[in-house]
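Below you'll find the structure, written out as structure tokens, and then a few comments.
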């Protein structure tokens, strides 16, 4: 679990504890024998905090090449096709694709000649640089799961190469 997620989780649970404590104290002061009526209300607030925490505290991530917004789970950018996430072949840890060695086990990635050529080809791909506040193109240029090109292809039923749904 990334470090920011641990911090967020700790903050959410501290807020939940504070809210439950406040409602319990207020309930016991105002309604000496009926404090248990405030317990369901505090539990509803706990659920609301949990639901909103992911929505408001999800970090924003942008493609380093074209500045298109991407999810933290996207393996490839849907606008320019840049590989965003690598999986370490040694330990299976997922991490940023620009790293040259695994941050978990120290495995050094070796670029094969074919991969180097593919990187050179990637920079020749036609894509639009996204400026802040500008909308993404309606149709994806690349599959966010396998990175294959989708230009001039019908992918309404999914990527023609990997079969996964393309948003």
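In the numbering used here, the protein residues as written are 1009 to 1175.
Glycine residues also receive a C-beta, built at the ideal position from the N, C-alpha and C atoms.
In this text, all values refer to a predicted model and were calculated from it rather than measured experimentally.
Compute the Euclidean distance between the alpha carbons of residue 1028 and residue 1016, then round it to the nearest angstrom.
If I take the Cα positions, the gap works out to 18 angstroms.
Exposed or buried, residue 1153, counting other C-beta atoms within 10 Å across all chains shown (16 or more means buried)?
It counts as buried.
Are residue 1077 and residue 1084 closer than 8 angstroms when you measure CB to CB?
In this structure, residue 1084 does not lie closer than 8 angstroms to residue 1077 by Cβ.
Helix or strand or just coil, what does DSSP make of residue 1027?
In this structure, residue 1027 counts as helix in the three-state DSSP scheme.
Reducing DSSP to helix, strand and coil, say where residue 1077 ends up.
If DSSP states are grouped into helix, strand and coil, residue 1077 belongs with the strands.
Quick check: what's the CA-CA separation for residue 1167 versus residue 1033?
The alpha-carbon atoms of residue 1167 and residue 1033 are separated by roughly 56 angstroms.
Residue range of the beta strand (DSSP E) that residue 1104 falls in?
That run of the beta strand (DSSP E) goes 1102–1104.
Which of the three DSSP states is assigned to residue 1116 in this structure?
Residue 1116: strand per DSSP, three-state reduction.
What does the Cβ neighbour count give for residue 1165, buried or exposed, with the cut at 16 atoms within 10 Å?
Exposed, because fewer than 16 other Cβ atoms sit within 10 Å of the Cβ of residue 1165.
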